[in-house]
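K.L.:
Taking full-length UniProt numbering, I'd label the letters of the sequence shown as residues 1 to 217.
All residues carry an ideal CB built from backbone N, CA and C; glycine is no exception.
Okay, here's the structure, questions in a sec.
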Amino acid sequence: MKKQFAVIGLGRFGVSVSTELHKLGHEVLAVDINETKVNEMVNDSTYSSVADGADEKALRGLGITNFDHVIVAIGDNIQASILCTLLLKEMGIASVWVKAQNYYHHKVLDKIGADKIIHPEHDMGNRIAQHLVSDKVIDYIELSDDFSIAEIAAPSFMNQQSLIDLDIRAKFGVTILGLKRGKQFNISPRAEDQIQANDILIVIGHKNDLKRFEENT
């Protein structure tokens, strides 16, 4: 379903989000205080506008309340990021995702009601580290301090084994959310579904359990 997104702040992160959402066919409003950055987004957004994200009048002038989701991607100006987030929540925007610069910025954003707080560099660092230390982990998403989702290459001994036979949850405390087989994606696989060679397991669990599962498979 086509959705409406506004992205405020057109640094590298904001540009990347705007461009990808636009490619996926959604309606995207790209906003920045810098006219040059806005002009560069003309072909990679539905609309682009020069405006100060920390100015309530400017936000209302953009019709910001008509958007389903707003992503605050303001870069180095933490004060502007916080004020923009606060204004958006006071206007009743249901979904406000914000890029945080550091731990203290995160704490303030959480206090004022940001719906999702993103740390692009930290998240990417985690994913790269997981790739570096393991040849089994294909991708890694941190959900919280304790829980994560990992894509793990199925080991050879699992070939032609069903999930019920492997009893992975009982043995390791992790849950198989899905199986990727080439271009096919089996969401919520059944207990009798068999794993085949070259399958990718989508696994969720406590980080310690995921590590134990990876080391023992």
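Residues in its own chain within less than 6 Å of ASP199 by CB, not counting five upstream and five downstream?
P.N.:
For the purposes of this step, residue 199 is taken as the residue at position 199 of the sequence shown. So the list reads ALA154, LEU179 and ARG181, once near-sequence residues are dropped.
K.L.:
How long is the line joining the alpha carbons of PRO120 and ALA191, rounded to whole angstroms?
P.N.:
Taking the sequence shown and counting its residues from 1, one reaches residue 120 at position 120. Taking the sequence shown and counting its residues from 1, one reaches residue 191 at position 191. Roughly 36 Å separates the two Cα atoms.
K.L.:
What do you reckon, are the CB atoms on LEU86 and ILE112 nearer than 7 Å?
P.N.:
Your numbering for residue 86 matches position 86 in the sequence shown. Your numbering for residue 112 matches position 112 in the sequence shown. Contact: yes.
K.L.:
By how many angstroms is the C-alpha of ASP209 removed from the C-alpha of TYR47?
P.N.:
Stepping through the sequence shown from its first residue, residue 47 is reached at position 47. Stepping through the sequence shown from its first residue, residue 209 is reached at position 209. Going from the Cα of TYR47 to the Cα of ASP209 covers about 46 Å.
K.L.:
Does the beta-carbon of LYS99 have 16 or more other beta-carbons within 10 angstroms, so that it is buried, or is it exposed?
P.N.:
Walking along the sequence shown from the start, residue 99 turns up at place 99. By the neighbour-count rule (16 or more Cβ atoms within 10 Å), LYS99 is buried.
K.L.:
Please list, in chain order, all residues of the same chain as ILE33 whose beta carbon is under 8 Å from its beta carbon, the five residues on each side excluded.
P.N.:
Within the sequence shown, residue 33 is the residue found at index 33, counting from 1. Once the five neighbours on either side are set aside, the close Cβ partners of ILE33 are VAL50, ALA51, ASP52 and GLY53.
K.L.:
Suppose the cutoff is 7 Å on Cβ atoms and the five residues either side in sequence are ignored; what does the same chain contact list for SER134 look like?
P.N.:
Translated into positions along the sequence shown, residue 134 becomes position 134. Summary for SER134: the model assigns pLDDT 48, below 50, so the residue's position carries little reliability, and this model does not support an answer.
K.L.:
For MET91, collect the residues of the same chain with a Cβ closer than 6 Å to its Cβ; drop the 5 residues on either side in sequence, then sort them by chain order.
P.N.:
By 1-based counting over the sequence shown, the position of residue 91 is 91. Hits under 6 Å: THR65.
K.L.:
Tell me ASN66's beta-bridge partners as DSSP assigns them.
P.N.:
As a first step, residue 66 is located in the sequence shown; it is residue number 66 there, counting from the start. Paired residue(s): none; ASN66 is not in a bridge.
K.L.:
Alpha carbon to alpha carbon, what distance is there between ILE118 and HIS131?
P.N.:
Locating residue 131 in the sequence shown gives position 131, where the first residue counts as 1. Locating residue 118 in the sequence shown gives position 118, where the first residue counts as 1. Unreliable placement is indicated for HIS131, whose pLDDT of 47 sits below 50; no coordinate value is reported for it.
K.L.:
Output the residue ranges of the beta strand (DSSP E) runs that lie fully inside the region 35-100 and measure 3 residues or longer, sorted by chain position.
P.N.:
Listed in chain order, they are 47-50, 69-72 and 95-99.
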